[in-house]
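Residue numbers for the first sequence follow the numbering used here, so the first one is 367 and each next one is one higher.
Beta carbons are placed, not taken as given, at the ideal position from N, Cα and C, and that holds for glycine.
As the structure is a prediction and not an experimental result, all values here were calculated from the model.
Structure first, commentary second.
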Amino acid sequence: MRALAAAGAGRGSPVAVVPVGHTGVALAHGGTTWAYSADPAAVLRAVEAAFSPRWVWWTIRGTGSLLAGAGDDRSGADAGSTGRGLRPAGDGGTAPALCWDLAAVHRVLHGGRRDDPGAVWAAVRGLPPPPSPPRHRSDGQLDLLATIDESPKLPDTGDAGRVGDDVRADGPVGADGQLRPGWIEETLRGTAAGGVDVRLARAERFAELALVAMAAQERTLRALPDPRVRPTGVPLAVLTARAESAAELLAHELARRGLPVHRPTAERTIAGIIGPRPRDETGRVTARQARDAPVLRHLGPSVDLRSPLSLRAGLAAVGIDVPDTRSWRLTALRGAHPVIEPLLAWRRAERIATTYGFGWLDDHVGADGRLRGGWRGSDGAAGRMTADAGLHSLPGDLRVAVIAEPGYRFVRADLGQIEPRVLAVVSGDPELARATAQDDLYAPVAARLRVDRPTAKVAVLAAMYGQTSGAAGQALRQMRRTYPVALAYLDAAEAVGREPAAPAGVTRPPLRTFGGRRIPLPVRPDGTDEADGARDPERVNASWGRFARNAVVQGAAAELFKAWAVTVRQLLVPLGGEIVLCLHDELLLHVPTERADEVVAATRRALDATAGYWAAGSGVRFVADITVSERWSDAKS
DNA sequence: CGAAAGCGCGCC
DNA sequence: AAAGGGCGCGCTTTCG
């Protein structure tokens, strides 16, 4: 550690880290590298405590196991990990504050999902992406670094090989300039030929390359068109990169931490909807038949309610002709036939039974009463966070079971009308910016459009989603006259999205969000892309147009939300609180009861600080609704 | 046979 | 004339 200090590490200075299995780690800072083969997590803790550096990693996957807390690793989410690492916020230890996730920043710059080290390296070198590394997971995620979680541990002593020839003769970069896939894998798994010293020396080299890649990414971010330099002197895209990196860290913590769920309440709630937990397979079949019976009484026993095809035919047989069987379509036919009502009830119950039933509880709620699923800091489209295990689609009925633990409260904070406010910022529409002065933005919009509030809301949402039919279409024309700057911004995005092909030889700048994230659009040289080749080209283009129109708003909103969330994450550390859920425009915090008021204030401060730089100069106001409660469902919305 | 697509729906 | 974005999940049907 003294060596690191001597080398000039200080708060915010980059320190790259590469794990080698679980008992080896290499750090790089400036022109110096260090390798450790014993208790690497302790090394990281000490460095964090002493310097608060900006941690640089190729990706949180794999590296994250080093960050797992020592004291409360009860999750199973890091099963197989030795569980030693930087302590998470809330248990009195240190949480890494600053980081740079090369994979996350790569996705910001280039779009898409691919973010393995080989792809990141190729991009910073201006090379074409190399072939994808082998997949290790059944879900299709590229997950090379995760392999270290299953790798054999490095012995701490003995087995000391020669540092030397085999390292130099087998370097990381091939003749084509690409990282050598085998080298990456061997380095991360710690399976390179030779002893501990050899393997750690390789990791040192990999850490040095991480610093090279980081510098290149930051240069690229600074060189993006329309730099939007913030009051701190830093372009917004660089701030986006930092926030997106921290969001990956937050996602990792959310996956480990889980959402508090009161199991008995959850069991009772589910039973109240679909009946008691079946004892065995026979019981399950019986319960299923009992659910189906009230509907099949009208349709006959041969109809398979779970097959849309069969259901549609069955409905037609009783005189109900529908193009599909979606519930909004059936709702419109309420009263037309006695089957509709029980069918809709069946759908709701079936949802609970299949997706959010006892099986779901057993699969995802741990013995500690925490609902856990995987989290990712950004999706492949506009960059929202995603979560598994139904964490982002928990039915309202089940939220009564999300109960704070004894001595704790939830602080629920959600951003009001974030998307239209974001639209005001990114488009620079002065009239829409004026409307954001109100707590309820739709009130002044309704006044200006001379429609009622519900119509105004539909019109605004329709403008952002690309809907033009129905009542929304009428109000949309009025929107266009009243907020021409905002609408022109959306129209421009749509035009890029639906443009099937740039003129030959002309490359257009890619579509980016306000914060600089590249929005992935398919290359369609002849008006279609491979996946949609069979579909009507105009429909395909229109669809991509709507996607782009929405993505510039949804994506920018996601960036502001995440920048806010990671700021809250930091402010919660000294208050002993934790973020337990991120829901696109809403944060759920689990905090000591006696600190709840302080957390509320800190959450507001975080929004003021974040919006202050993110929306600097726009005149746009952001508002948060913040409530304290014991149950998620009790927080007013 | 397993993988992928399509449907429908929960949430935002 | 019509044209609604994103995600994950479980089910059925179809593809290869």
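| request: Consult DSSP for Tyr722 and reduce its assignment to one of helix, strand or coil. | output: Taking the first sequence and counting its residues from 1, one reaches residue 722 at position 356. Tyr722 falls in the coil class under three-state DSSP.
| request: Have a look at Phe927 and Asp951 and give me their C-alpha separation to the nearest angstrom. | output: Start at 1 with the first residue of the first sequence, and residue 927 comes out as number 561. Start at 1 with the first residue of the first sequence, and residue 951 comes out as number 585. Near 6 Å, if we compare the C-alpha coordinates of Asp951 and Phe927.
| said: Between Tyr402, Ala412 and Cys465, which has its C-alpha nearest Gly430's C-alpha? | reply: Residue numbering aside, residue 430 sits at position 64 when the first sequence is read from its first letter. Here the closest residue by C-alpha is Cys465.
| Along the chain, where does the beta strand (DSSP E) that runs through Gly638 open and close? | In the first sequence, the residue the question calls residue 638 occupies position 272. Not the beta strand (DSSP E): Gly638 falls in the alpha helix (DSSP H), residues Arg629 to Ile640.
| Between Ala1001 and Thr993, which are expected to be in contact by the criterion C-beta below 8 Å, what is the C-beta distance as a whole number of angstroms? | To locate residue 1001, count along the first sequence from 1; it is residue 635. To locate residue 993, count along the first sequence from 1; it is residue 627. The pair is a contact, with the Cβ atoms about 4 Å apart (cut-off 8 Å).
| query | So, Gly863 versus Phe913, is the Cβ gap smaller than 9 Å? | reply | If you number the first sequence from 1, residue 863 lands on position 497. If you number the first sequence from 1, residue 913 lands on position 547. Cβ atoms of Gly863 and Phe913: closer than 9 Å.
| request: In angstroms with no decimal places, state the Cα-to-Cα distance between Leu662 and Val669. | output: Walking along the first sequence from the start, residue 662 turns up at place 296. Walking along the first sequence from the start, residue 669 turns up at place 303. In a straight line, the C-alpha of Leu662 is about 7 Å away from that of Val669.
| query | How many Å lie between Leu577 and Glu771 at the Cα? | reply | Numbered from its first residue, the first sequence carries residue 577 at position 211. Numbered from its first residue, the first sequence carries residue 771 at position 405. Taking the CA atoms as reference points, Leu577 sits about 42 Å from Glu771.
| task | May I ask you to report which of helix, strand or coil DSSP gives Val381? | result | As a first step, residue 381 must be located in the first sequence, where it is residue number 15. Here Val381 sits in strand by DSSP.
| query | Can you tell me whether Arg503 is buried or exposed, with buried defined as 16 or more other CB within 10 angstroms of its CB? | reply | Translated into positions along the first sequence, residue 503 becomes position 137. Below a pLDDT of 50, predicted positions are generally treated as unreliable, and Arg503, at 41, falls in that range; no measurement from the model is reported.
| task | Taking Leu464 as part of the beta strand (DSSP E), name the residues at either end of that continuous run. | result | On the first sequence, residue 464 is found 98 positions in, with the first residue counted as 1. From DSSP, the beta strand (DSSP E) with Leu464 extends over Leu464 to Asp467.
| Between which two residues does the beta strand (DSSP E) containing Val965 stretch? | For the purposes of this step, residue 965 is taken as the residue at position 599 of the first sequence. No beta strand (DSSP E) holds Val965; the alpha helix (DSSP H) holding it covers Ala962 to Trp980.
| field | Where Gly983 falls: helix, strand or coil (DSSP) | value | Locating residue 983 in the first sequence gives position 617, where the first residue counts as 1. Three-state DSSP puts Gly983 in coil, outside helix and strand.
| query | Less than 9 Å separating the beta-carbons of Asp467 and Ala779? | reply | As a working note, residue 467 is residue 101 in the first sequence. As a working note, residue 779 is residue 413 in the first sequence. No, they are not a contact pair.
| request: Could you name each continuous alpha helix (DSSP H) segment of 4 residues or more that falls completely within the region 530–602, going from the start of the chain to the end? | output: DSSP assignment within the region 530–602 yields the following whole alpha helix (DSSP H) runs of 4 residues or more, N-terminal first: 531–535, 547–555 and 562–588.
| query | Are the CB atoms of Ala931 and Leu616 nearer to each other than 9 Å? | reply | Numbered from 1 along the first sequence, position 565 holds the residue referred to as residue 931. Numbered from 1 along the first sequence, position 250 holds the residue referred to as residue 616. Cβ atoms of Ala931 and Leu616: closer than 9 Å.
| request: Pick out whichever of Ala621, Arg736 and Gly735 has its Cα sitting closest to the Cα of Gly743. | output: Counted from its first residue, the first sequence places residue 743 at position 377. Ranking Ala621, Arg736 and Gly735 by Cα distance to Gly743 puts Ala621 first.
| Taking Cβ to Cβ, would you say Gly921 is nearer than 9 Å to Ala799? | Here residue 921 corresponds to residue number 555 of the first sequence, with the count starting at 1. Here residue 799 corresponds to residue number 433 of the first sequence, with the count starting at 1. Cβ distance not < 9 Å, so Gly921 and Ala799 don't count as in contact.
| message | Distance check for Arg480 and Pro497, CA to CA, integer angstroms please. | response | Position 131 of the first sequence, counted from the first residue, corresponds to residue 497. Position 114 of the first sequence, counted from the first residue, corresponds to residue 480. Cα to Cα, Pro497 sits roughly 11 Å from Arg480.
| message | Taking the straight line between their C-alpha atoms, what separation do you get for Thr631 and Ala767? | response | For the purposes of this step, residue 631 is taken as residue 265 along the first sequence, with counting starting at 1. For the purposes of this step, residue 767 is taken as residue 401 along the first sequence, with counting starting at 1. Each residue's alpha carbon lies about 5 Å from the other.
| request: Please look up how many angstroms separate the CB atoms of Leu955 and Gly943, rounded, as I've assumed it's under 8 Å. | output: Counted from its first residue, the first sequence places residue 955 at position 589. Counted from its first residue, the first sequence places residue 943 at position 577. Indeed they touch by this definition, with Cβ atoms about 5 Å apart.
| said: In this structure, how does DSSP classify Trp424 when only helix, strand and coil are distinguished? | reply: The residue labelled residue 424 in the question sits at position 58 within the first sequence. Residue state, collapsed to three classes: coil.
| said: So for Ile784, helix, strand or coil by DSSP? | reply: Translated into the one-based positions of the first sequence, residue 784 becomes position 418. In the structure shown, Ile784 sits in a helix (DSSP, three-state: H, G or I).
| request: From the DSSP output, read off the bridge partner residues of Ala392. | output: Reading the first sequence from its first residue, position 26 is the one you call residue 392. According to DSSP, Ala392 bridges with Val384 and Ala401.
| message | Is the beta carbon of Ala416 closer than 9 Å to that of Gly396? | response | Position 30 of the first sequence, counted from the first residue, corresponds to residue 396. Position 50 of the first sequence, counted from the first residue, corresponds to residue 416. Cβ atoms of Gly396 and Ala416: not closer than 9 Å.
| message | Check whether the region 712–725 and the region 634–644 are in contact - that is, three or more C-beta pairs closer than 8 Å. | response | yes
| Using DSSP with H/G/I as helix, E/B as strand and the rest coil, what is Asp991? | Taking the first residue of the first sequence as 1, we reach residue 991 at position 625. Asp991 falls in the strand class under three-state DSSP.
| Residue from Ala392, Trp400, Thr389 and Val381 with nearest C-alpha to Ser418 | Reading the first sequence from its first residue, position 52 is the one you call residue 418. It is Val381.
| field | Proximity to Gly832 [Cα-Cα], best of Gly666, Asn907, Arg915 and Tyr402 | value | Counted from its first residue, the first sequence places residue 832 at position 466. For Gly832, the nearest C-alpha among the options comes from Arg915.
| Got a sec? Which residues, its chain only, sit under 7 Å from Ala558 by beta carbon, not counting five neighbours each side? | Residue numbering aside, residue 558 sits at position 192 when the first sequence is read from its first letter. Here the set comprises Glu552, Val564, Arg565 and Arg568.
| task | Express the C-alpha separation of Leu710 and Thr697 in angstroms, rounding to a whole number. | result | Counting from 1 along the first sequence, the entry for residue 697 is found at position 331. Counting from 1 along the first sequence, the entry for residue 710 is found at position 344. When rounded, the distance between both Cα atoms is 8 Å.
| request: Taking 8 Å as the threshold, find out whether the region 850–861 comes into contact with the region 784–799 through three or more Cβ pairs. | output: Counting Cβ pairs under 8 Å, three or more are found: they touch.
| query | Roughly how many angstroms separate the alpha carbons of Glu785 and Gly740, rounded to a whole number? | reply | As a working note, residue 785 is residue 419 in the first sequence. As a working note, residue 740 is residue 374 in the first sequence. Cα-Cα distance, rounded: 26 Å.
| task | Give me the Cα-Cα distance between Ala924 and Leu827, rounded to the nearest whole angstrom. | result | Translated into the one-based positions of the first sequence, residue 924 becomes position 558. Translated into the one-based positions of the first sequence, residue 827 becomes position 461. Whole-angstrom Cα-Cα distance: 16 Å.
| query | For Arg678, which residues from the same chain have a beta carbon less than 6 Å from its beta carbon, with the 5 sequence-adjacent residues on both sides left out? | reply | Here residue 678 is taken as the residue at index 312 of the first sequence, counted from 1. The answer, listed in chain order, is Thr691.
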